[in-house]
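Asker: Here's a structure for you.
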Amino acid sequence: MRALLLIVTPVMVMTTLAVLVFVLVLNTASSTERLDLIRTALAVGAGTGAVMTLVLAWRRQWASEHDAAERRLTDLYVKAVEQLGSDKAAVRHGALYALERVAQDNPEHRQTVVNVICAYLRAPYTPPPDKPGVRAWRGIGGSLRATPARRVAATPSAAAVRDEDRRQEREVRLTAQRILTRHLHPGDTPRRPVDSFWADLDLDLTGAHLINFDLAGCRPRRTQFNDVSFSGTASFEHATFTGEASFNGATFTGRTLFVDTRFAVPPVMSGASVQACNQEHLADRASPLGWTQHELVVDGGAPQRRFVPVPVVLGDDR
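Converting from the sequence shown to this note's numbering requires adding 793 to each position, the first position being numbered 1.
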């Protein structure tokens, strides 16, 4: 009914207007001229109806295609999120890349995808041991066919399986980190960022365990690294934080680089500490502007190097 009104109403209006215009402009003294006027007005009305029909058909098709695209996008997003909970590392890898594609093709969904990836990194994680366990020796010689005893001996222990799962999970987490940092990097010319750059995104990695986290040259907005455990190298060189940056309680256990790091507002780093450092690594550490390092003994424990503020005010260009 509504579609019919959308067609009939413009037809009636245009036909009436055409009749009025022709009566005022043309000479309609004879009956033949009046008949031609009516025919012309009806033709105008018919043309208007055809145009309105085409417009409605186009709108209906666009709405149908738009709804179908939204459904496909939703299905892809939901499926990827479900796959992040898979017990297979390859499936989790695929889910992260699927989410990356969703965000790259749909800018309005980028913050949502980033939130999902950050939530994945915030999940509890125990790193694997530094050295993989020694594989069971299967012996040399004898029959090529494994005996039941040999098969039992070759079966990996529960601890070995658990360590292997942790190593695979580490690779998945490194992939998640690389997706974030890759799309937060504007390229060599920030004023003309690359197409892969996702602007104005917030990161909430509170309590996460980050491995060799490389935010060098990146440009995030509001960031939360509260209680984050940074293992390996943590690089923030030449990064620009355009919003608030919080490192409260963060722990750095490897090389920590804050060289030429720019903050729109002074960073908050209350209780941030540098632990398990040797003298060689200490030489590689640089504090963010406005902060310095100081060795403290906390609760009678081992000495810790903590970031402490110094009275330096960030300039407007920082």
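Even for Gly, the Cβ is constructed at its ideal location relative to N, Cα and C.
#1: Going along the chain, which residues of its own chain have a beta-carbon closer than 8 Å to the beta-carbon of G1036, five neighbours each way excluded?
#2: Going by Cα to Cα distance, which pick from A836, S1022, C911, A896 is closest to A992?
#3: For H1002, report the span of its beta strand (DSSP E) as first-last.
#4: Alpha carbon to alpha carbon, what distance is there between A1032 and G1047?
#5: May I ask you to verify whether the segment 968-986 touches the segment 916-925, counting CB pairs closer than 8 Å and requiring at least 3?
#6: For P922, I'd like the list of residues in its chain whose CB is within less than 7 Å of its CB, leaving aside the five on either flank, ordered along the chain.
#7: Quick one, which of R985, R960, A969 has its alpha-carbon nearest L1008's?
#8: What's the gap between the Cα of R966 and the Cα of Q904?
#9: In chain order, which continuous runs of the alpha helix (DSSP H) of length 4 or greater are located wholly inside the segment 864-933?
#10: Between T1044 and Q1068, is the Cβ-Cβ spacing less than 7 Å?
#11: For E893, does the count of other Cβ atoms within 10 angstroms reach 16, so buried, or fall short, so exposed?
#12: From E1030 to D1020, what distance separates their C-alpha atoms?
#13: May I have the straight-line CA-CA distance separating N1005 from S1028, to the nearest angstrom?
Answerer: Taking the geometry as given:
#1: D995, P1013, R1014, R1015, T1016, A1057, V1058
#2: A896
#3: Where H1002 is concerned, the enclosing beta strand (DSSP E) stretches over 1002-1004.
#4: 19 Å
#5: no
#6: D956
#7: A969
#8: If you draw a straight line from the Cα of R966 to the Cα of Q904, it comes to about 19 Å.
#9: 882-898, 903-915
#10: yes
#11: buried
#12: About 21 Å.
#13: 8 Å
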